[in-house]
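**Student:** In our numbering, the protein residues as written are 2 to 314.
Could you have a look at this structure, given as C-alpha coordinates, before my questions?
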(Lines of atoms letter the chains of each structure in order from A and count residues from 1; the text may use other names and numbers.)
(Lines give C-alpha, C1' and ligand atoms only; values in the text may rest on other atoms or scores of the structure.)
Protein backbone atom coordinates (compact mmCIF):
# COMPACT_ATOMS: atom_id res chain seq x y z
CA UNK A 1 0.00 0.00 0.00
CA UNK A 2 1.20 3.47 -0.78
CA UNK A 3 2.32 5.50 2.19
CA UNK A 4 0.05 8.42 3.08
CA UNK A 5 1.70 11.81 2.79
CA UNK A 6 0.51 15.20 4.08
CA UNK A 7 -0.79 17.64 1.53
CA UNK A 8 2.03 19.82 0.24
CA UNK A 9 2.21 23.34 1.61
CA UNK A 10 1.56 26.20 -0.82
CA UNK A 11 4.69 26.81 -2.81
CA UNK A 12 6.43 30.09 -2.12
CA UNK A 13 7.14 32.33 -5.09
CA UNK A 14 10.79 33.28 -5.31
CA UNK A 15 12.14 36.45 -6.92
CA UNK A 16 14.80 34.76 -9.05
CA UNK A 17 18.45 34.95 -8.16
CA UNK A 18 19.10 37.39 -5.29
CA UNK A 19 21.87 38.98 -7.29
CA UNK A 20 19.81 39.52 -10.44
CA UNK A 21 17.37 42.28 -11.29
CA UNK A 22 13.78 40.99 -11.48
CA UNK A 23 11.98 41.06 -14.83
CA UNK A 24 8.39 41.06 -16.07
CA UNK A 25 8.16 37.42 -14.98
CA UNK A 26 7.78 38.67 -11.43
CA UNK A 27 4.61 40.49 -12.45
CA UNK A 28 3.21 37.30 -13.94
CA UNK A 29 3.90 35.52 -10.65
CA UNK A 30 2.17 38.32 -8.75
CA UNK A 31 -0.87 38.06 -11.02
CA UNK A 32 -1.02 34.32 -10.35
CA UNK A 33 -1.00 35.01 -6.61
CA UNK A 34 -3.81 37.56 -6.96
CA UNK A 35 -5.85 35.02 -8.93
CA UNK A 36 -5.39 32.63 -6.01
CA UNK A 37 -6.57 35.25 -3.53
CA UNK A 38 -3.09 35.75 -2.08
CA UNK A 39 -2.90 39.53 -2.55
CA UNK A 40 -0.61 40.22 0.42
CA UNK A 41 1.99 37.80 -0.93
CA UNK A 42 1.73 39.47 -4.32
CA UNK A 43 2.26 42.88 -2.70
CA UNK A 44 5.37 41.68 -0.87
CA UNK A 45 6.71 40.09 -4.03
CA UNK A 46 6.23 43.25 -6.09
CA UNK A 47 7.65 45.51 -3.36
CA UNK A 48 10.79 43.39 -3.28
CA UNK A 49 11.00 43.42 -7.06
CA UNK A 50 10.76 47.23 -7.11
CA UNK A 51 13.42 47.48 -4.40
CA UNK A 52 15.79 45.39 -6.51
CA UNK A 53 14.90 47.06 -9.80
CA UNK A 54 13.45 50.56 -9.28
CA UNK A 55 13.06 51.06 -13.05
CA UNK A 56 10.62 48.15 -13.39
CA UNK A 57 7.55 50.32 -14.05
CA UNK A 58 5.34 47.34 -14.86
CA UNK A 59 5.78 46.11 -11.27
CA UNK A 60 4.76 49.50 -9.87
CA UNK A 61 1.67 49.56 -12.10
CA UNK A 62 0.67 46.04 -11.06
CA UNK A 63 1.15 46.97 -7.41
CA UNK A 64 -1.01 50.05 -7.91
CA UNK A 65 -3.68 47.89 -9.57
CA UNK A 66 -3.72 45.54 -6.58
CA UNK A 67 -4.05 48.38 -4.08
CA UNK A 68 -6.85 49.91 -6.16
CA UNK A 69 -8.77 46.64 -6.37
CA UNK A 70 -8.41 46.29 -2.60
CA UNK A 71 -9.91 49.77 -2.14
CA UNK A 72 -6.66 51.16 -0.70
CA UNK A 73 -6.74 54.23 -2.93
CA UNK A 74 -4.15 56.17 -0.97
CA UNK A 75 -1.50 53.48 -1.43
CA UNK A 76 -2.56 53.01 -5.05
CA UNK A 77 -2.22 56.74 -5.79
CA UNK A 78 1.21 56.87 -4.22
CA UNK A 79 2.33 53.81 -6.20
CA UNK A 80 1.01 55.05 -9.56
CA UNK A 81 2.56 58.45 -8.89
CA UNK A 82 5.95 56.81 -8.43
CA UNK A 83 5.44 54.82 -11.63
CA UNK A 84 4.68 58.05 -13.52
CA UNK A 85 7.80 59.68 -12.07
CA UNK A 86 9.97 56.75 -13.15
CA UNK A 87 8.41 56.44 -16.62
CA UNK A 88 6.25 59.41 -17.69
CA UNK A 89 5.61 57.85 -21.12
CA UNK A 90 4.02 54.73 -19.67
CA UNK A 91 0.31 54.74 -20.58
CA UNK A 92 -0.75 52.23 -17.90
CA UNK A 93 0.91 54.31 -15.19
CA UNK A 94 -0.72 57.56 -16.33
CA UNK A 95 -4.13 55.97 -16.83
CA UNK A 96 -4.00 54.11 -13.52
CA UNK A 97 -3.05 57.32 -11.75
CA UNK A 98 -5.96 59.12 -13.39
CA UNK A 99 -8.39 56.35 -12.47
CA UNK A 100 -7.49 56.24 -8.80
CA UNK A 101 -7.53 60.05 -8.54
CA UNK A 102 -11.01 59.91 -10.08
CA UNK A 103 -12.08 57.31 -7.53
CA UNK A 104 -10.75 59.58 -4.78
CA UNK A 105 -12.92 62.41 -6.18
CA UNK A 106 -9.84 64.45 -7.08
CA UNK A 107 -11.44 65.09 -10.44
CA UNK A 108 -9.32 68.03 -11.66
CA UNK A 109 -6.12 66.04 -11.07
CA UNK A 110 -7.71 62.99 -12.71
CA UNK A 111 -8.43 65.05 -15.85
CA UNK A 112 -4.78 66.04 -16.10
CA UNK A 113 -3.66 62.41 -15.74
CA UNK A 114 -6.17 61.17 -18.34
CA UNK A 115 -4.95 63.85 -20.76
CA UNK A 116 -1.36 62.69 -20.25
CA UNK A 117 -2.46 59.10 -20.86
CA UNK A 118 -4.30 60.04 -24.06
CA UNK A 119 -1.25 61.94 -25.31
CA UNK A 120 0.47 58.55 -25.27
CA UNK A 121 -2.44 56.43 -26.56
CA UNK A 122 -5.11 58.69 -28.11
CA UNK A 123 -7.45 55.87 -29.15
CA UNK A 124 -7.86 54.18 -25.78
CA UNK A 125 -11.59 53.73 -25.19
CA UNK A 126 -11.50 53.65 -21.38
CA UNK A 127 -9.37 56.76 -21.08
CA UNK A 128 -11.58 58.72 -23.48
CA UNK A 129 -14.71 57.54 -21.64
CA UNK A 130 -13.40 58.40 -18.17
CA UNK A 131 -12.08 61.78 -19.29
CA UNK A 132 -15.47 62.64 -20.78
CA UNK A 133 -17.21 61.58 -17.56
CA UNK A 134 -14.77 63.63 -15.47
CA UNK A 135 -15.48 66.77 -17.51
CA UNK A 136 -19.21 66.17 -16.98
CA UNK A 137 -18.61 65.97 -13.23
CA UNK A 138 -16.86 69.34 -13.49
CA UNK A 139 -19.91 70.72 -15.35
CA UNK A 140 -17.89 71.22 -18.53
CA UNK A 141 -19.97 69.39 -21.16
CA UNK A 142 -18.36 71.24 -24.07
CA UNK A 143 -14.99 69.83 -22.98
CA UNK A 144 -16.58 66.41 -22.50
CA UNK A 145 -18.12 66.19 -25.96
CA UNK A 146 -15.11 65.38 -28.19
CA UNK A 147 -14.02 62.56 -25.90
CA UNK A 148 -17.57 61.19 -25.58
CA UNK A 149 -17.93 61.22 -29.37
CA UNK A 150 -14.53 59.57 -29.76
CA UNK A 151 -15.62 56.61 -27.62
CA UNK A 152 -18.61 55.98 -29.89
CA UNK A 153 -16.43 56.32 -32.99
CA UNK A 154 -13.94 53.80 -31.63
CA UNK A 155 -16.53 51.39 -30.22
CA UNK A 156 -20.07 51.93 -31.56
CA UNK A 157 -21.41 49.01 -29.51
CA UNK A 158 -20.17 50.40 -26.20
CA UNK A 159 -23.37 50.91 -24.20
CA UNK A 160 -21.71 52.95 -21.47
CA UNK A 161 -20.13 55.14 -24.12
CA UNK A 162 -23.54 55.76 -25.71
CA UNK A 163 -25.07 56.62 -22.33
CA UNK A 164 -22.21 58.98 -21.56
CA UNK A 165 -22.63 60.71 -24.92
CA UNK A 166 -26.34 61.01 -24.17
CA UNK A 167 -25.57 62.68 -20.84
CA UNK A 168 -23.19 65.07 -22.59
CA UNK A 169 -25.77 66.03 -25.22
CA UNK A 170 -28.35 66.52 -22.45
CA UNK A 171 -26.02 68.81 -20.51
CA UNK A 172 -25.56 70.84 -23.69
CA UNK A 173 -29.32 71.11 -24.21
CA UNK A 174 -29.23 68.90 -27.31
CA UNK A 175 -32.07 66.70 -26.09
CA UNK A 176 -33.08 65.07 -29.39
CA UNK A 177 -29.54 63.76 -29.80
CA UNK A 178 -29.45 62.76 -26.14
CA UNK A 179 -32.60 60.65 -26.57
CA UNK A 180 -31.09 58.95 -29.61
CA UNK A 181 -27.97 57.98 -27.65
CA UNK A 182 -29.92 56.84 -24.59
CA UNK A 183 -32.10 54.64 -26.80
CA UNK A 184 -28.98 53.12 -28.38
CA UNK A 185 -27.48 52.56 -24.93
CA UNK A 186 -30.65 50.81 -23.73
CA UNK A 187 -30.22 48.24 -26.50
CA UNK A 188 -26.56 47.63 -25.71
CA UNK A 189 -26.44 47.37 -21.92
CA UNK A 190 -28.50 46.23 -18.97
CA UNK A 191 -31.24 48.73 -18.21
CA UNK A 192 -30.54 50.69 -15.06
CA UNK A 193 -32.76 53.18 -13.25
CA UNK A 194 -30.24 55.96 -13.88
CA UNK A 195 -30.14 55.36 -17.62
CA UNK A 196 -33.93 55.29 -17.80
CA UNK A 197 -34.35 58.38 -15.62
CA UNK A 198 -31.87 60.28 -17.77
CA UNK A 199 -33.68 59.20 -20.92
CA UNK A 200 -37.05 60.17 -19.41
CA UNK A 201 -35.73 63.60 -18.52
CA UNK A 202 -34.57 64.23 -22.10
CA UNK A 203 -37.89 62.98 -23.48
CA UNK A 204 -39.68 65.46 -21.25
CA UNK A 205 -37.43 68.29 -22.39
CA UNK A 206 -38.64 67.84 -25.97
CA UNK A 207 -42.29 67.39 -25.06
CA UNK A 208 -42.54 63.63 -25.59
CA UNK A 209 -44.50 63.20 -22.37
CA UNK A 210 -46.26 59.94 -23.20
CA UNK A 211 -42.93 58.25 -23.92
CA UNK A 212 -41.52 59.87 -20.80
CA UNK A 213 -44.34 58.34 -18.73
CA UNK A 214 -43.87 54.92 -20.32
CA UNK A 215 -40.15 55.03 -19.53
CA UNK A 216 -40.83 56.03 -15.95
CA UNK A 217 -43.33 53.21 -15.46
CA UNK A 218 -40.45 50.86 -16.28
CA UNK A 219 -38.20 52.67 -13.79
CA UNK A 220 -40.83 52.33 -11.07
CA UNK A 221 -41.06 48.58 -11.68
CA UNK A 222 -37.29 48.29 -11.28
CA UNK A 223 -36.66 50.83 -8.52
CA UNK A 224 -39.72 52.68 -7.10
CA UNK A 225 -37.92 55.73 -5.72
CA UNK A 226 -39.35 59.11 -4.79
CA UNK A 227 -37.60 60.68 -7.79
CA UNK A 228 -39.10 58.15 -10.21
CA UNK A 229 -42.65 58.70 -8.90
CA UNK A 230 -42.20 62.49 -8.97
CA UNK A 231 -41.01 62.52 -12.58
CA UNK A 232 -43.86 60.18 -13.48
CA UNK A 233 -46.30 62.61 -11.86
CA UNK A 234 -44.83 65.44 -13.90
CA UNK A 235 -45.20 63.49 -17.17
CA UNK A 236 -48.83 62.69 -16.35
CA UNK A 237 -49.60 66.30 -15.41
CA UNK A 238 -48.24 67.47 -18.75
CA UNK A 239 -50.69 65.06 -20.41
CA UNK A 240 -53.49 66.63 -18.31
CA UNK A 241 -54.02 63.36 -16.44
CA UNK A 242 -54.46 65.23 -13.19
CA UNK A 243 -55.92 62.48 -11.00
CA UNK A 244 -53.13 60.02 -11.88
CA UNK A 245 -50.56 62.79 -11.53
CA UNK A 246 -51.69 63.65 -7.99
CA UNK A 247 -51.52 59.97 -7.03
CA UNK A 248 -47.96 59.71 -8.38
CA UNK A 249 -46.84 62.76 -6.36
CA UNK A 250 -48.40 61.26 -3.24
CA UNK A 251 -46.57 57.98 -3.90
CA UNK A 252 -43.34 59.96 -4.17
CA UNK A 253 -43.91 61.51 -0.75
CA UNK A 254 -44.73 58.10 0.69
CA UNK A 255 -41.30 56.96 -0.51
CA UNK A 256 -39.62 60.09 0.88
CA UNK A 257 -41.65 62.61 2.87
CA UNK A 258 -38.94 65.27 2.34
CA UNK A 259 -38.75 65.01 -1.45
CA UNK A 260 -39.50 68.66 -2.15
CA UNK A 261 -40.03 68.33 -5.94
CA UNK A 262 -42.97 66.03 -5.15
CA UNK A 263 -44.28 68.60 -2.66
CA UNK A 264 -44.19 71.15 -5.47
CA UNK A 265 -45.96 68.81 -7.87
CA UNK A 266 -48.67 67.93 -5.40
CA UNK A 267 -49.13 71.61 -4.48
CA UNK A 268 -49.62 72.52 -8.14
CA UNK A 269 -52.13 69.68 -8.55
CA UNK A 270 -54.11 70.94 -5.57
CA UNK A 271 -53.97 74.53 -6.80
CA UNK A 272 -55.22 73.36 -10.18
CA UNK A 273 -58.17 71.59 -8.51
CA UNK A 274 -58.86 74.63 -6.33
CA UNK A 275 -58.96 76.97 -9.33
CA UNK A 276 -60.98 74.64 -11.57
CA UNK A 277 -63.46 74.12 -8.71
CA UNK A 278 -64.26 77.81 -8.56
CA UNK A 279 -61.91 78.71 -5.67
CA UNK A 280 -64.38 77.41 -3.08
CA UNK A 281 -62.34 74.71 -1.30
CA UNK A 282 -60.27 76.70 1.21
CA UNK A 283 -58.97 73.50 2.87
CA UNK A 284 -57.45 72.40 -0.45
CA UNK A 285 -55.82 75.80 -0.90
CA UNK A 286 -54.47 75.64 2.65
CA UNK A 287 -52.95 72.20 1.98
CA UNK A 288 -51.28 73.47 -1.20
CA UNK A 289 -49.84 76.47 0.64
CA UNK A 290 -48.50 74.24 3.45
CA UNK A 291 -46.78 72.05 0.87
CA UNK A 292 -45.13 75.04 -0.81
CA UNK A 293 -43.92 76.36 2.54
CA UNK A 294 -42.50 72.95 3.47
CA UNK A 295 -40.76 72.74 0.12
CA UNK A 296 -39.18 76.18 0.53
CA UNK A 297 -37.94 75.28 4.00
CA UNK A 298 -36.04 72.41 2.37
CA UNK A 299 -34.79 74.46 -0.57
CA UNK A 300 -35.13 78.25 -0.50
CA UNK A 301 -33.81 78.69 -4.05
CA UNK A 302 -37.10 78.08 -5.88
CA UNK A 303 -38.28 81.30 -7.53
CA UNK A 304 -41.37 79.65 -9.05
CA UNK A 305 -42.56 78.38 -5.67
CA UNK A 306 -41.86 81.76 -4.07
CA UNK A 307 -43.99 83.42 -6.75
CA UNK A 308 -46.87 80.94 -6.29
CA UNK A 309 -46.74 81.27 -2.51
CA UNK A 310 -46.81 85.08 -2.70
CA UNK A 311 -49.86 84.85 -4.95
CA UNK A 312 -51.88 82.27 -2.99
CA UNK A 313 -50.35 82.18 0.49
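Even glycine gets a Cβ: it sits at the ideal position worked out from N, Cα and C.
Keep in mind it's a predicted model, so treat the numbers as computed, not measured.
DSSP three-state label for residue 55, please.
**Tutor:** In the structure shown, residue 55 sits in coil (DSSP, three-state: anything other than H, G, I, E or B).
**Student:** Buried or exposed: residue 36, going by 16 or more other Cβ atoms within 10 Å of its Cβ?
**Tutor:** Classification of residue 36: exposed, given that the 10 Å Cβ count is below 16.
**Student:** For residue 55, is the classification buried or exposed, using 16 other Cβ atoms within 10 angstroms of its Cβ as the cut-off for buried?
**Tutor:** Exposed.
**Student:** Can you give me the C-alpha to C-alpha distance between residue 76 and residue 216, rounded to a whole angstrom?
**Tutor:** Cα to Cα, the separation comes out at about 43 angstroms.
**Student:** Expressed to the nearest angstrom, what Euclidean distance is found between the alpha-carbon atoms of residue 141 and residue 174?
**Tutor:** Each residue's alpha carbon lies about 13 angstroms from the other.
**Student:** How many Å lie between residue 133 and residue 102 at the Cα?
**Tutor:** Whole-angstrom Cα-Cα distance: 15 angstroms.
**Student:** Under a Cβ-count criterion, where at least 16 other Cβ atoms within 10 Å of its own Cβ denotes burial, should residue 262 be classed as buried or exposed?
**Tutor:** Burial call: buried.
**Student:** Mark residue 269 as exposed unless 16 or more other C-beta atoms lie within 10 angstroms of its C-beta, in which case mark it buried.
**Tutor:** Buried: at least 16 other Cβ atoms inside 10 Å.
**Student:** Which whole-angstrom value is the C-beta distance of residue 198 and residue 228, which I expect to be below 8 angstroms?
**Tutor:** Contact flag correct, Cβ pair sits at about 7 angstroms.
**Student:** How should residue 279 be labelled, buried or exposed, when 16 other C-beta atoms within 10 angstroms of its C-beta is the threshold for buried?
**Tutor:** By the 10 Å Cβ count, residue 279 comes out exposed.
**Student:** Would you say residue 275 and residue 267 are within 9 angstroms of each other, going by their C-beta atoms?
**Tutor:** Cβ distance not < 9 angstroms, so residue 275 and residue 267 don't count as in contact.
**Student:** Looking at residue 119 and residue 128, is the spacing between their C-beta atoms short of 9 angstroms?
**Tutor:** Yes. Within cutoff.
**Student:** May I ask you to report which of helix, strand or coil DSSP gives residue 132?
**Tutor:** If DSSP states are grouped into helix, strand and coil, residue 132 belongs with the helices.
**Student:** Could you tell me the distance, in whole angstroms, from the CA atom of residue 80 to the CA atom of residue 117?
**Tutor:** Residue 80 and residue 117: Cα-Cα distance of roughly 17 angstroms.
**Student:** Which first and last residues belong to the alpha helix (DSSP H) in which residue 169 is found?
**Tutor:** 160-172 is the extent of the alpha helix (DSSP H) around residue 169.
**Student:** Is it true that the CB of residue 59 sits closer than 9 angstroms to the CB of residue 25?
**Tutor:** Cβ distance < 9 angstroms, so residue 25 and residue 59 count as in contact.
**Student:** Excluding the five sequence neighbours on either side, which residues of its own chain have a C-beta within less than 7 angstroms of the C-beta of residue 196, listed in chain order?
**Tutor:** Closer than 7 angstroms at Cβ, skipping near neighbours: 164, 183, 186, 187.
**Student:** Nearest to residue 245 by alpha carbon, out of 254, 296, 233, 105?
**Tutor:** Cα-wise, what sits closest to residue 245 is 233.
**Student:** State the Cα-Cα distance for the pair residue 135 and residue 111, rounded to the nearest angstrom.
**Tutor:** So the two alpha carbons sit approximately 8 angstroms from each other.
**Student:** Since residue 249 and residue 213 should fall inside the 8 angstroms C-beta cutoff, what is the C-beta to C-beta distance between them, to a whole number of angstroms?
**Tutor:** Actually they do not touch by this definition, with Cβ atoms about 12 angstroms apart.
**Student:** May I have the straight-line CA-CA distance separating residue 49 from residue 100, to the nearest angstrom?
**Tutor:** Their Cα atoms are separated by approximately 25 angstroms.
**Student:** Distance check for residue 73 and residue 16, CA to CA, integer angstroms please.
**Tutor:** Because residue 16 sits at a pLDDT of 38, beneath the cut-off of 50, its placement in the model cannot be relied upon, and the point is left open.
**Student:** Are the beta-carbon atoms belonging to residue 139 and residue 152 less than 9 angstroms from one another?
**Tutor:** Result no, Cβ atoms of residue 139 and residue 152 do not sit closer than 9 angstroms.
**Student:** Using only the alpha-carbon positions, how far apart do residue 211 and residue 107 sit?
**Tutor:** Rounded to whole angstroms, residue 211 to residue 107 spans 40 angstroms at the Cα level.
**Student:** Using 9 angstroms as the threshold, is the C-beta distance between residue 247 and residue 272 below it?
**Tutor:** No, the Cβ-Cβ distance between residue 247 and residue 272 is not below 9 angstroms.
**Student:** I need the DSSP call for residue 65, collapsed to helix, strand or coil.
**Tutor:** Helix, per DSSP.
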